[in-house]
Amino acid sequence: MAIDLNSILSLLQDDGASEHWARQAPIMGDHIRVRRLGGLYYHHGIYVSDDEVIAFAGDDDYNPIDWWDTEIRSTSFDEFRQGGDVEVRQYTPEEQAQLCSVPETIAFARACLGNKKYDLLFHNCEHFANACKLGVYRSRQTEDILFGEAIPKALECIGDEAQRDQWLQDAWHDLTAQVLDKLRRDLESHQ
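For what it's worth, this note's numbering labels the leading residue of the sequence shown as 9, then goes sequentially.
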């Protein structure tokens, strides 16, 4: 599988339809994500099994600020989700025609293990997962930032007290789940 002109063409041919995600148990080869900080961003990876999810991660855990030691690694499903709810990408019929097979998806993901060229805007976990599954190198999160769609959403949230309070509650819940999961894993590793 090669990432080529299709990545750029996918932006030009994008019909603007939103992606669809479902909270369900993943199966081998699925593109999965977990919400972080109340939906401020999502962390993406490729599910192989409960013992293996391939995604960008730091030495110790998935810390969004810890970019200097981030690389594509194989971790457990529990470590990937860090107490959060995992969603599985659902594909349109057009996308299904373009999907890489499960063996191709996993082979490509494993071939990327050790890649240390993480870049928040141009080479992040969502770029990686889409490349593995669709052969298209793109990140909707990054596009929302670069094309200015994220700022109006953020301003709307800041300006609406109910939305702001809900986001703060969600962000606190997500952060608490991550910290508690990290503490649990640290305790288990020292026993």
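For every residue, glycine included, the Cβ atom is placed at its ideal position computed from N, Cα and C. This one's a predicted model, so the numbers in the text were calculated from it and none came from an experiment.
Practice problem: Tell me whether residue 38 is buried or exposed, calling it buried when 16 or more other Cβ atoms sit within 10 Å of its Cβ. | Solution: Burial call: buried.
Quiz item: Do residue 42 and residue 28 come within 8 Å of each other at the CB atom, strictly closer than that value?
Solution: Taking 8 Å as the cut-off, the Cβ atoms of residue 28 and residue 42 do not count as close.
Quiz item: Out of 182, 48, 142, which has the shortest C-alpha to C-alpha gap to residue 101?
Solution: The alpha carbon of residue 101 has as its nearest neighbour, out of 182, 48, 142, the alpha carbon of 142.
Quiz item: Should residue 30 be labelled buried (16 or more other beta-carbon atoms within 10 Å of its own) or exposed?
Solution: The residue in question, residue 30, is exposed, as its Cβ has fewer than 16 Cβ neighbours within 10 Å.
Quiz prompt | Proximity to residue 57 [Cα-Cα], best of 189, 33, 79, 169 | solution = Checking every option, the nearest Cα to that of residue 57 belongs to 33.
Exercise. Kindly indicate the opening and closing residues of the beta strand (DSSP E) around residue 60.
Key: The continuous beta strand (DSSP E) containing residue 60 extends over residues 60-65.
Quiz item: Taking the continuous beta strand (DSSP E) assigned at residue 81, which residues delimit it?
Solution: Here the beta strand (DSSP E) through residue 81 covers 79-83.
Quiz item: What's the call for residue 44, buried or exposed, on a 16-neighbour Cβ count within 10 Å?
Solution: So residue 44 counts as buried.
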